[in-house]
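In the numbering used here, the protein residues as written are 385 to 761.
Structure record follows, encoded as structure tokens.
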Ligand SMILES: [Cu+2]
């Protein structure tokens, strides 16, 4: 096990060049290894104590003294397990529950949260009731030589209740989820609503690339066959719509405007994940998908709300897509319409001088390389 941890260390530091983040990650691995080892040692000690007790028990029996009442021991253990487990659940809720995402920053996110909390509340009630009943019964009705258990081979009423009740609850939850998802993905813009902003997001190992439409509000076509060193997204510059397409490092979005993310992948499956907006959809090579949503809280408002002056929304990759998967991260800023327009006017077009030079090169070779012309011109 320790050897395995060391191998992981070597890979981690080797791949990304031992940055501060790697040091933290390695530390995390070492801590995990330490706790696993500790757990095994505790199990070993419990095993030894058990054997010692067994020897003690046998000695008592040989001497015709009262042996250990294992039924009582097991009954008490069940109660201890219930109390320790309840404390563990409480700890999860308070310590890790405090790390939960803040209020949804998108319109559909509110519905998503409602569904999450309904499901969580229902399952929590079932969890508490069943665990308390299970362990209390184990304690209360532990084996006792003076008591006979009631033999109950079959009872149709009980069978019906515990089959039908969960079936109804689960059906309600599934239908609730189904309608919520339908509302989220029902993407026909309501009448009178301004057309959504189209943003292309392309995943590759290991980064997200963004493409915004220019003044024409339309994105030019792309073709994977056109991908090259200079044209990394394979934009078809034959399509006039592509002339003013813009590249961006940060995703700026105007508040309360519908945004359509056109999702692409160039190598393996990635997943566009914007937790604060409750947005997640896979990016699959060869299968363009899209997700429409409306941000409702600006970055500035969220910073005040959370009392975190450096808070930023993020896009992450939620598929383990390779060694530097954790590097697939971009900042999202939700701003006012005016701020958005000001930012957009400062972004650089994809049609760079290098690409123009490439296109010119293709034009010169028109006669000899007609194929290349078809691809690049
Ligand atoms: Cu990825």
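Every residue, glycine too, gets a C-beta built ideally from N, C-alpha and C.
A quick note: this is a predicted structure, and the numbers were derived from the prediction, not measured.
Quiz item: When DSSP labels each residue in this structure, what does residue 822 get in the three-state scheme?
Solution: Here the chain has residues from 385 to 761 only, and residue 822 is not among them.
Exercise. From the DSSP output, in three-state form, read off residue 734 for me.
Key: coil
Quiz item: alpha helix (DSSP H) containing residue 684: first to last residue?
Solution: 683-690
Quiz item: If we count the other Cβ atoms within 10 Å of its Cβ and call it buried at 16 or more, is residue 633 buried or exposed?
Solution: exposed
Quiz item: What residues in its chain sit with their C-beta under 7 Å from that of residue 741, if we drop five residues either side in the sequence?
Solution: none
Quiz prompt | residue 609 versus 603, 693 and 620, residue with shortest Cα-Cα distance | solution = 620
Exercise. For residue 599, I'd like the list of residues in its chain whose CB is within less than 7 Å of its CB, leaving aside the five on either flank, ordered along the chain.
Key: 628
Practice problem: Give the secondary structure of residue 584 by DSSP, where H, G and I count as helix, E and B as strand, and everything else as coil. | Solution: strand
Quiz item: Between the stretch 588-597 and the stretch 711-719, do three or more beta carbon pairs fall short of 8 Å?
Solution: yes
Quiz prompt | Span separating the alpha-carbon of residue 454 from that of residue 419 | solution = 30 Å
Practice problem: Let me know the secondary structure DSSP gives residue 647 once reduced to three states. | Solution: strand
Exercise. To the nearest angstrom, report how far apart residue 522 and residue 468 are at their CA atoms.
Key: 16 Å
Quiz item: Quick one, are the C-beta atoms of residue 636 and residue 717 less than 7 Å apart?
Solution: yes
Quiz item: What residue does the alpha helix (DSSP H) around residue 529 start on, and which one ends it?
Solution: Looking at the DSSP string, residue 529 is not in any alpha helix (DSSP H), and its letter there is neither H nor E.
Quiz item: Taking Cβ positions, are residue 663 and residue 677 nearer each other than 7 Å?
Solution: yes
Self-check item: Beta carbon nearer than 5 Å to a non-hydrogen atom of ligand 1
Solution: 654, 701, 705 and 712
Exercise. May I ask you to list the residues that DSSP assigns as paired with residue 438?
Key: Beta-bridge pairing links residue 438 to no other residue.
Quiz item: When you compare each of 690, 480, 735 and 414 to residue 618 by their alpha carbons, which one comes out closest?
Solution: 735
Exercise. Within its chain, find whatever has a CB closer than 7 Å to the CB of residue 499; leave out the 5 residues flanking it on each side and keep chain order.
Key: 560, 561 and 564
Quiz item: Should the stretch 527-534 be regarded as contacting the stretch 462-477, the criterion being three or more beta carbon pairs within less than 8 Å?
Solution: no
Self-check item: CB-CB length for residue 731 against residue 630, believed under 8 Å
Solution: 4 Å
Practice problem: Compare the beta carbon distance of residue 432 and residue 441 with 7 Å and say whether it is the shorter of the two. | Solution: no
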